[in-house]
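Structure first, commentary second.
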Amino acid sequence: MVASAVLGFPRIGANREIKKVVEGYWAGKTSADEVNKVSATVKKTNWTELKQRGVDYIPSGDFSLYDHVLDHSAAFNAIPKRYHGLGLSHLDTYFAMARGRQADGVDVPASEMKKWFDSNYHFVVPELDNSTDFKLNYNKALDEFKEAKEAGITTRPVVLGPITYLALSKATKDAEAGFEPISLLPKLLPVYKQLLTELKSAGAEWVQVDEPILVQDKGADFEDKFALAYAELSPVAPKIVLTTYYGRLESNLNFVAKLPVAGIHVDLDRAPQQLESTIKAVSSGSYVLSLGVVSGRSIWKTDFTVAIKAAEQAVSALGQDRVIVATSSTLLHIPVTLASEDKLTAEQKDWFSFAYEKASEVATIAAVASGSQDAKVSSALEANRTSITKRRDFEKNSDDTVRKRVAAITPDQYERKNPFATRREAQKKLNLPKFPTTTIGSFPQTKEIRQARAKLGKGEITEEEYEKFIEKEIESAVRFQERIGLDLLVHGEPERNDMVQYFGERLEGFVFTQNGWVQSYGSRYVRPPILVSDVSRKGAITVRWSKYAQSLTSKPMKGMLTGPVTILNWSFPRADISRALQAQQLALALRDEVGDLEAAGIAAIQVDEPAVREGLPLRRADWEEYLKWATSTFKLATAGVRDDTQTHSHFCYSDFDDIFPSIQSLDADVISIEASKSDLKLLNTFKRYGYSNSIGPGVYDVHSPRVPPQPEISDRIKNILASLDPTLLFVNPDCGLKTRGWKETEASLVNLVEAAKAARQQY
Ligand code: GLN
Ligand code: ZN
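In full-length UniProt numbering, the protein residues as written are 1 to 763.
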């Protein structure tokens with residue numbers, strides 16, 4: 001029999017239960033017991049659902065209250081010194097590492113977060129050095145395995161593999177020069193040994209060990225480490241299925257197919273071309289081959305014909321018992337279920353599969369590949385054929401006006417008319433002081449704002465009442481910024497449910513879910529729009545609000561748009577046309593919006609591209625092509641403005657080293673960068689390349705509620721100025737403030753403005 005497997009499951013709950021209970025706990029309104037109770041229910045519901053849908057290998061241990069990488073760090077006692085001795089419970093230490101803690105005399109910043117591979121999921125970066133005292137504080141994989149067992153469900157525990165864990169880690173500040181986290185492998189292996197031994201004694205037959213680092217070029221550097229680690233772990237562990245996902249193994253397959261493990265999983269959604277080579281590589285051994293044919297990254301229904309063909313090819317080479325039909329990756333990246341969507345039309349709903357539905361898909365495909373004659377299986381197969389045919393028919397439609405406009409783009413549309421030096425003179429009309437202070441755009445999305453939006457949705461208030469409410473919010477944001485002395489103002493984005501969804505809703509080409517939440521980090525979930533057809537602008541999107549905001553003040557107002565690459569990367573893209581073409585369509589729509597803002601008297605326009613880096617392909621060989629369309633679409637959106645219009649862009653990351661020429665080529669007048677938690681290496685990169693446009697490296701972390709004291713910000717500015725021309729520096733936070741409360745926002749920004757003022761005196 002061909003078995004079916006799901007590699008990981010959304011851990012947020014079908015109704016965002018985990019967000020609610022965790023945030024309740026942070027607010028001091030919910031007990032740790034309650035957190036455990038709700039978690040137990042969510043886990044059990046998922047396991048039961050997967051079992052009922054016929055999945056053979058059901059994951060456990062992948063649940064998390066914040067992040068699964070952080071779960072490993074906490075369990076492995078990889079707890080940085082600043083979180084020691086605070087007198088906190090295990091759970092509170094865990095959350096302090098995740099989000100910082102500023103209460104009862106304790107004041108510690110959060111750990112750094114990074115984007116997980118090429119996704120919009122953020123993991124908490126482990127910090128290690130030679131003094132890290134690895135030991136197994138508790139065995140989460142074992143606990144959840146037992147928990148499932150008690151509920152009558154046998155699971156296949158999931159752990160993040162030791163090589164990927166170390167490869168994703170960074171050195172602590174105290175680490176010796178040249179320290180590489182991977183050097184700690186010999187110290188970490190005993191912990192994995194214990195973890196896996198305990199799983200085996202508890203009766204786990206299989207364990208899924210995730211090593212996604214193998215789909216990146218640097219995976220190859222660890223060949224020896226892989227050999228060493230798995231030679232030690234395999235003898236004591238349950239049968240290991242070594243799991244790779246999000247991309248292709250390429251030459252890493254050569255050594256992977258020699259590792260002493262029982263099974264190998266490959267991603268055939270992202271890299272269908274590796275089917276043949278993998279079959280060949282594993283055929284002479286006894287490996288089980290797990291085929292990731294059901295996408296864990298996209299929401300489109302799987303084309304069973306394609307998946308079955310792959311499965312049959314593997315079966316004919318290896319036999320049924322050595323083949324598993326699986327999701328390509330964890331399903332963490334897609335919403336929980338389509339069942340609760342009742343606003344999508346029946347036609348649209350028929351195009352998609354979310355996590356529960358994908359679980360049914362793997363089960364059906366595995367059954368077909370096993371030769372099942374079951375009537376239910378045949379009818380599922382038939383239904384899938386019908387759905388896919390209908391979708392292909394729909395995909396034949398296109399918007400000719402949009403297609404023609406894309407085809408007619410000329411090279412001059414990508415370039416500003418004059419160089420930065422000239423524009424900078426013209427932009428003196430903005431009257432900004434030295435070290436201009438600004439924010440990244442959003443202010444707290446308060447309960448009142450969310451309630452007003454909900455009321456509008458339910459028809460409890462009229463459109464006019466809602467707009468009045470938004471105007472009031474904008475006005476108070478403007479007055480606030482004037483009062484504390486910020487220089488370049490923003491309207492605060494109160495009208496936006498989300499920086500991507502808001503634009504999607506105002507563009508042709510998208511559909512939306514009601515409950516399609518996906519975890520971005522911790523308790524922050526997003527609801528990505530779904531691109532289904534060609535994109536065009538229905539009308540001006542943001543002009544009304546920016547114009548209103550500007551009318552309230554004599555200070556310059558910065559217009560605020562989300563860039564084409566980010567809209568694309570934070571949506572579920574179409575699978576029938578290229579990402580490049582989708583981005584070009586978005587860029588043209590945004591170009592019109594930029595033009596309208598300029599015409600409405602907005603002198604600074606920010607186009608956020610926080611997702612450029614996460615969209616970077618996992619293999620370097622694919623970078624050039626991506627960067628070409630990613631940078632050119634940003635330029636297409638922004639370059640049409642006059643010299644005296646100041647363009648801004650914003651990036652939620654700071655490792656620019658390897659893509660710097662692309663960032664430089666964007667030629668934005670000002671770029672703001674998330675930088676407060678990383679070292680300032682990035683400024684040296686800017687210097688090395690002779691970057692001469694303005695830069696705003698974030699001076700404090702916005703992911704944490706902690707208020708940065710003014711001296712801390714002054715210190716940051718001092719460090720920045722050590723390598724940056726003072727005339728280029730903007731002073732701003734790391735990112736938008738929508739997830740923060742007003743109290744900490746106000747206190748933090750007051751400190752920021754004071755620090756900038758002090759700097760004006762000093763430098
Ligand atoms: N302008 C957006 C905001 O301030 C940018 C957010 C982001 O970069 N993620 O919220
Ligand atoms: Zn950001």
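Virtual Cβ for every residue (Gly too), placed ideally from N, Cα, C. This structure is a prediction, so every number in the text was calculated from the model and none was measured.
Given residue i as reference, the closest of the options once Cα atoms are compared
{"i": "TYR521", "options": "LYS687, THR45, HIS68, LEU456", "result": "HIS68"}
{"i": "ALA271", "options": "THR244, LEU561, ALA281, ARG424", "result": "THR244"}
{"i": "ALA587", "options": "GLY441, ASP393, SER31, LEU507", "result": "LEU507"}
{"i": "ILE605", "options": "GLN646, GLY219, THR154", "result": "GLN646"}
{"i": "LYS173", "options": "VAL750, VAL256, ASN693, ASP679", "result": "ASP679"}
{"i": "GLU493", "options": "SER476, THR422, GLY485", "result": "SER476"}
{"i": "SER4", "options": "ASP399, GLY292, GLN274", "result": "GLY292"}
{"i": "PHE660", "options": "ALA75, TRP206, LEU627", "result": "LEU627"}
{"i": "SER60", "options": "GLY24, ASN120, LEU160, SER89", "result": "LEU160"}
{"i": "GLU205", "options": "PRO433, GLU609, VAL158", "result": "VAL158"}
{"i": "LEU531", "options": "SER64, ILE299, LYS193, ILE12", "result": "ILE299"}
{"i": "LYS558", "options": "GLN320, ASP608, ALA141", "result": "ASP608"}
{"i": "GLY219", "options": "LEU666, LEU618, ALA637", "result": "LEU618"}
{"i": "SER676", "options": "ASP669, GLY698, VAL670, GLN664", "result": "GLY698"}
{"i": "ALA141", "options": "ILE577, ASP118, GLY203, GLU460", "result": "GLY203"}
{"i": "PHE420", "options": "TYR138, ASN693, VAL6", "result": "ASN693"}
{"i": "THR401", "options": "LEU86, SER378, GLN585, SER316", "result": "GLN585"}
{"i": "LYS258", "options": "PRO238, GLU276, LYS280", "result": "LYS280"}
Residue j beta carbon less than 8 angstroms from that of residue i
{"i": "TYR230", "j": "PRO260", "result": "yes"}
{"i": "LEU568", "j": "ALA583", "result": "yes"}
{"i": "ALA40", "j": "GLU147", "result": "yes"}
{"i": "THR164", "j": "ALA78", "result": "no"}
{"i": "GLY504", "j": "SER546", "result": "no"}
{"i": "GLN274", "j": "ARG297", "result": "no"}
{"i": "residue 828", "j": "GLN501", "result": "Residue numbering for the chain in the displayed model covers 1 to 763; residue 828 lies beyond these limits and cannot be assessed."}
{"i": "THR437", "j": "ASN732", "result": "yes"}
{"i": "ASP592", "j": "ARG537", "result": "yes"}
{"i": "LEU242", "j": "GLY263", "result": "yes"}
{"i": "LEU489", "j": "VAL478", "result": "yes"}
{"i": "PRO190", "j": "TYR246", "result": "no"}
{"i": "ALA110", "j": "ASP701", "result": "yes"}
Spatial distance of residue i from residue j (CA atoms)
{"i": "VAL518", "j": "HIS333", "result": "6 angstroms"}
{"i": "PHE512", "j": "ASN15", "result": "17 angstroms"}
{"i": "ALA375", "j": "VAL368", "result": "11 angstroms"}
{"i": "PRO705", "j": "LEU188", "result": "33 angstroms"}
{"i": "TRP623", "j": "ASP734", "result": "26 angstroms"}
{"i": "ARG82", "j": "TYR763", "result": "32 angstroms"}
{"i": "SER169", "j": "ASP350", "result": "41 angstroms"}
{"i": "VAL641", "j": "THR633", "result": "15 angstroms"}
{"i": "GLU482", "j": "SER554", "result": "10 angstroms"}
{"i": "THR462", "j": "GLU473", "result": "17 angstroms"}
{"i": "LYS635", "j": "VAL236", "result": "55 angstroms"}
{"i": "ILE93", "j": "GLU465", "result": "Correcting the residue type first, residue 93 is Thr in the shown sequence and not Ile. Cα to Cα, THR93 sits roughly 44 angstroms from GLU465."}
{"i": "LEU289", "j": "PHE656", "result": "37 angstroms"}
{"i": "GLU357", "j": "LEU338", "result": "7 angstroms"}
{"i": "PRO252", "j": "LYS447", "result": "With the sequence shown as reference, residue 252 is identified as Asn, and Pro is not the correct amino acid for it. The straight-line gap from Cα to Cα measures roughly 50 angstroms."}
{"i": "LEU724", "j": "THR685", "result": "11 angstroms"}
{"i": "LYS718", "j": "GLN102", "result": "25 angstroms"}
{"i": "ILE673", "j": "VAL336", "result": "33 angstroms"}
{"i": "GLY736", "j": "GLN320", "result": "52 angstroms"}
{"i": "PRO709", "j": "ASP267", "result": "47 angstroms"}
{"i": "PHE443", "j": "LEU597", "result": "20 angstroms"}
{"i": "VAL124", "j": "TYR691", "result": "30 angstroms"}
{"i": "LEU728", "j": "PRO610", "result": "21 angstroms"}
{"i": "ASN431", "j": "ARG403", "result": "41 angstroms"}
{"i": "SER353", "j": "VAL282", "result": "31 angstroms"}
{"i": "TYR57", "j": "ILE720", "result": "51 angstroms"}
{"i": "ASP269", "j": "LEU184", "result": "33 angstroms"}
{"i": "VAL207", "j": "LYS200", "result": "9 angstroms"}
{"i": "ASP393", "j": "THR386", "result": "11 angstroms"}
Closer than 8 angstroms to chain D by CB, residue i
{"i": "PHE145", "result": "Any reference to chain D falls outside this structure, which holds one protein chain only."}
- Item | For review: beta carbons within less than 5 angstroms of any heavy atom in the ligand COA | No copy of the ligand COA occurs in the structure displayed; its ligands are the ligand GLN and the ligand ZN alone.
- Ranges of the beta strand (DSSP E) found wholly within the region 292-349, counting only runs of at least 3: 323-327
- Task: Entirely within the region 162-217 and at least 3 residues each: give me those beta strand (DSSP E) ranges in chain order.
- Result: 206-210
- Query: Which ranges does the alpha helix (DSSP H) cover as unbroken runs of at least 4 residues, wholly within the region 384-434, from first to last along the chain?
  - Reply: 400-407, 420-426
- Which residue spans inside the region 665-726 form an unbroken alpha helix (DSSP H) run of at least 4? 681-688, 710-721
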